[in-house]
Amino acid sequence: MIDLALSVLSSTLIFVAFKLFDVYKVQTLYAIITNYVVACLVGLFLYEGNVDVAQLTSTSWYWGPIALGVLFITIFNLMAKSTQVSGVSVTSVATKMSLVIPVVVGVAVYKEELSLLQIIGIVLALLAVYLSSQKEKGITINRKDLLLPLLVFLGSGIIDTSIKYFEEEHLTDQEIPIFSSMVFGCAALTGLIFIGIKSFKTPLRVNFRNILGGIALGVPNYFSIFFLIRALRSDMLNSAAVFTLNNVAIVMLSTILGILLFKERLRPKNWGGVALAILSIVLVALF
């Protein structure tokens, strides 16, 4: 449970960092790529073994970080585009609702069992995510704009499911730091290739503010994945419970910090979402 709590805290600090990007005019794309480089270096620092490229490429999971790294950058850009086209609320709901995918996979593929109260808790968690995310007057979306949120939903769910797959089938406790590091390293490489191509049209400018923003984002970003994988290895909770608690607790804590740090104002349905989040956490964790 400590690992899960630390993963939630780390993920929530990512939210705080993104909010501060607006305040200090940090360019998100460049900070994101810097953050992946920083996260990769943190993982290498924590890895106790020798970093042997030949040995790493001979592991059964070496292709995972490559695929996940590409997915990380792709989904980030889709989230940014979806936010611009469909709105913050729609994108937020699509991202957090994706917890359905790893929950279903956990039950169907890994034969995890859920009690009736846990199932009720997961349903309440989805409702809590929806209500908490409605910071605008209402969620409206044109049918033609459904593709972007749908891709964000599927992509986010695939990332979580893939992390569960590698944790279950391939990784040892000692390999978690280097696996996490390689995921971020591959994401950084993909991002650098992306901005390298983009720089042909728009010259690349190094900005110290973007670098600082990337450092502030990179450290909690690394630990959000590191502690999530460790939480999935725990025998206390199955993966369905872990993903549900992780997503709902992030929404709840982010909402609370938004009020305390950034003076965000919540509507009654947002408070209802927070209350449902607390109830769903109790049902999923204790039953």
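Residue numbers (this note's numbering): 18 to 304.
Backbone N, C-alpha and C fix where the C-beta goes; we use that ideal spot for every residue, glycine too.
Q | Short Cβ contact (7 Å threshold) for residue 244 with residue 120 | A | Cβ atoms of residue 244 and residue 120: not closer than 7 Å.
Q) Does the beta-carbon of residue 184 have 16 or more other beta-carbons within 10 angstroms, so that it is buried, or is it exposed? A) Residue 184 comes out buried.
Q: Measure the Cβ-Cβ separation of residue 264 and residue 116 and say whether it is below 7 Å.
A: Residue 264 places its beta carbon less than 7 Å from that of residue 116.
Q | Per-residue burial, residue 82 [other beta carbons within 10 Å of its own, 16 or more giving buried] | A | So residue 82 ends up on the buried side.
Q | Selection from 171, 27, 182, 194 that minimises the alpha carbon distance to residue 126 | A | Nearest C-alpha to residue 126: 182.
**Q.** C-alpha distance - residue 172 paired with residue 108, whole-angstrom precision
**A.** If you take the alpha carbons of residue 172 and residue 108, they lie about 12 Å apart.
Q | Limits of the alpha helix (DSSP H) - the one that residue 41 falls within | A | Boundaries cannot be given for residue 41, as no alpha helix (DSSP H) includes it and DSSP labels it neither H nor E.
Q: To the nearest angstrom, report how far apart residue 64 and residue 285 are at their CA atoms.
A: Their backbone Cα atoms lie some 46 Å apart in a straight line.
(Q) For residue 199 and residue 238, I'd like the C-alpha separation in whole angstroms. (A) Between residue 199 and residue 238, the C-alpha separation is close to 13 Å.
Q) Are the CB atoms of residue 178 and residue 139 nearer to each other than 7 Å? A) Not a contact, by the Cβ cut-off of 7 Å.
**Q.** Residues near residue 89 by beta carbon distance below 6 Å, same chain, minus five either side
**A.** Cβ within range, chain order: 204.
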